[in-house]
Amino acid sequence: MSKPAIDTIRLPQNPSRTMSIDFQSEEERAVVKAEQIRAFYSETNDQNLAGALVLSLLVYVVHDGVPGWTWQPALLALYVVTLVRAWLVWQYHRAPTSRSTLDWGRTQAISGALSGVCWGVASTAMLAHLPTEYQLVILTVITVAASSNASEGFSYVPPSRSFILAAIGPPALWLLTVGDRLHTILGLMLLVFVPMTIWQARKRNRVFIEAQQLRFRNESLARELTAQRDAAEQAYLAKARFLAAASHDLRQPMQAISIFHELLHHEMGTSGRGASILANAQKAAEGMRTLLDALLDVSRLDANVITPNCRAFPVQTLLNQMESEFMPIAGQMKIRLRVMPCSALVVSDPVLLGQVLRNLLSNALRYAPSGRILLGCRRRGNQLAIAVFDTGIGIAPDQHSKIFGEFYQVGNQARDRNQGLGLGLAIVERVVRLLDHALAMRSIPGRGSCFSVTVALADPADGLPDALLPEAEPGHLTDKIAGRRVLMIDDEEAIRTGMRDLLQGWGCEVTTAGSAAEALERAAAGPAPIDVVISDMGLPGQGNGIDAIVALRGRFGTRLPALLITGDTSQAALQAARAANLIMLHKPIKPGRMRAALAEAIDANQQDAPQARQVGS
416 MSKPAIDTIR LPQNPSRTMS IDFQSEEERA VVKAEQIRAF YSETNDQNLA GALVLSLLVY
476 VVHDGVPGWT WQPALLALYV VTLVRAWLVW QYHRAPTSRS TLDWGRTQAI SGALSGVCWG
536 VASTAMLAHL PTEYQLVILT VITVAASSNA SEGFSYVPPS RSFILAAIGP PALWLLTVGD
596 RLHTILGLML LVFVPMTIWQ ARKRNRVFIE AQQLRFRNES LARELTAQRD AAEQAYLAKA
656 RFLAAASHDL RQPMQAISIF HELLHHEMGT SGRGASILAN AQKAAEGMRT LLDALLDVSR
716 LDANVITPNC RAFPVQTLLN QMESEFMPIA GQMKIRLRVM PCSALVVSDP VLLGQVLRNL
776 LSNALRYAPS GRILLGCRRR GNQLAIAVFD TGIGIAPDQH SKIFGEFYQV GNQARDRNQG
836 LGLGLAIVER VVRLLDHALA MRSIPGRGSC FSVTVALADP ADGLPDALLP EAEPGHLTDK
896 IAGRRVLMID DEEAIRTGMR DLLQGWGCEV TTAGSAAEAL ERAAAGPAPI DVVISDMGLP
956 GQGNGIDAIV ALRGRFGTRL PALLITGDTS QAALQAARAA NLIMLHKPIK PGRMRAALAE
1016 AIDANQQDAP QARQVGS
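Taken in order, the sequence shown gives residues 416 to 1032; the numbers are from this note's numbering.
So this is what it looks like as structure tokens:
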């Protein structure tokens, strides 16, 4: 059903001016009518029985002076009608769909009229044999019964209307035929009472119908809004799933570009112009890689493919990482960065929480030129607030709710890429929500901002957990790859060619293969065993990169160093790599990070108890 216009939903300000009720559709009319019948059948049974009992008591009071033939048939007929109406009510509650709404209403209108006839005939017959005082008692009782019937039957008026006309009409006409002044006035009063009672019942009925109309329209609007919301959510999730699923295809060309840029760096020679062109190309590619990583991070968070791995760990390990990563950058920008030590143990996912702090610090560095930045912690009961303070430009109050949206940046309407992408805080908001942490912000324009993440403190009684393993950086590992025999497996020829030239430039002997089966054949046909394997996750044919590495380890030993390269950023891929004791890198990968990870894999598998882990790109 189409959404009704706002003007059609409004009801008249003064219902007494008009008694007509407009329906927007036949569906609305049918629903409201059905609700009227349902409400009437819910209340009418007790009312019918009470009416029969009241007439019985009235007969009991005056029966001494009234012949039995005047009231006995009417009272008996009233009890029969009451039983029939009770049976109809039982039938309705048992099977409301056995008859149409119109039939259910018609039966009650007819039975209501029959009840009124019984009341009218009995009271009129008794009036002719009673003195005036008893006549007033009878008139009082039948008017109260009529009023009660009109009041209790407001949801559906035809039965009460029929009862009032049939019960009041005969005695009113009799009073007018008596001829004396008193009875004429009483008859006229009854004739005035009938339309007034019916009119009041109609007013209450109108209020009931309007309430049902509003209910029907609100439910229709709610259903439409729910459908639109569900459609929007499905479209949003479909977009997120598409980006997450397309991660591999998007990262592949970026990986090739990164490799060939590194090769060009060694081939360009000393030409100043050539070096400048290459540097600009590398800068553009790095900007594209940064944007791609941010977009895919957002898509993975929106698609719910990231599962937090929360555990207890010392927060100082993250603080040390932030200090080592950002202190050189802050020094180059002439920004004073201070990291306050903290001995607390917290419960969170250290990788995701580290991503939050990196984004907050990057944001602070961007908006605090030549200022000061403080990274520190504060205990709040059984929680720890990790805060980043800066003395930057600050954020106006009307922009507080906007800065967590995608691509929104304060003071960067020109979209200068040197000022970032506008995705950092959007990622922070999503990661914090995923971790079920609290994110808070305070900011004063011109004075600076403070972003804080509140995490739960761990119980010190559980013991000190192992410290976080630092991420591998090219400068932190000894170069152990020169002279190594490397088997490179990838289904794209451009990647294989670029990787072969890159590895050979590092002094490696390289064999390439396009599938797992080809890799096994070439490894077996080689003059000497291979020293290390680099494999893409997605390979043609049966099995993936993990299966290929497992097969090669079955032939060359379980401690064969291996790297798994993939564009799949899902938690399932990471868990599969961990289960196979592999270092996994996400495309696109900087050549320096590739070299460091390769050296780390060789070094790790030379130890007695190797431990594989994920290395970020």
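Backbone N, C-alpha and C fix where the C-beta goes; we use that ideal spot for every residue, glycine too. In this text the structure is predicted, and so the values were computed from the model without any measurement.
Taking C-beta separations shorter than 7 Å and ignoring five residues to either side along the sequence, the partners of T612 in its chain run A561, S562, A565 and I579, following chain order.
Excluding five sequence positions before and after A454, the CB atoms of its chain that fall closer than 6 Å to its own CB belong to S570, given in chain order. When the beta-carbon positions are compared, E443 and R632 come within less than 9 Å of each other. The DSSP-derived three-state label of I998 is strand.
Taking the Cα of C757 as reference, the smallest distance to any Cα among G791, L493, T592 and P585 is reached at G791. Pairing W519 with G466 gives a Cβ-Cβ distance that is not under 9 Å.
By the neighbour-count definition (other C-beta atoms within 10 Å, threshold 16), H1001 is a buried residue. The residues V496, in chain order, have a CB closer than 7 Å to that of L529 in the same chain once the five nearest residues on each side in sequence are set aside. In terms of Cβ geometry, G861 and G786 do not form a close pair [threshold 9 Å].
Here V754 carries a strand assignment [DSSP, helix/strand/coil]. At a Cβ-Cβ threshold of 9 Å, R500 and S526 count as neighbours. Measuring C-alpha to C-alpha distances from R993 to each of A939, I1004 and L978 identifies L978 as the nearest. Rounded to whole angstroms, the Cβ separation of L954 and A931 is 5 Å, and the two are in contact under 8 Å.
For M856, the enclosing beta strand (DSSP E) starts and ends at A853 to I859.
The beta carbons of P723 and L767 sit closer together than 9 Å.
DSSP, reduced to helix, strand and coil, places L545 outside both helices and strands of the structure shown, so it counts as coil. When only Cα atoms are considered, R521 and V504 end up about 13 Å apart. A residue is called buried when at least 16 other Cβ atoms come within 10 angstroms of its Cβ; W614 does not meet this threshold and is exposed. Along the length of the segment 941–986, whole alpha helix (DSSP H) runs at least 4 residues long occupy 960–971, reported in chain order. Our two residues, P765 and M737, have alpha carbons roughly 12 Å apart in a direct line. Between W921 and A897, the CB-CB gap stays under 9 Å. When beta bridges are read from the DSSP output, C725 appears opposite no residue. Taking the C-beta atoms as reference points, R899 is found nearer than 9 Å to D946.
According to DSSP, R787 shares a beta bridge with R751. For the options I859, A934, V762 and R915, the alpha carbon positioned closest to that of D851 is the one of V762.
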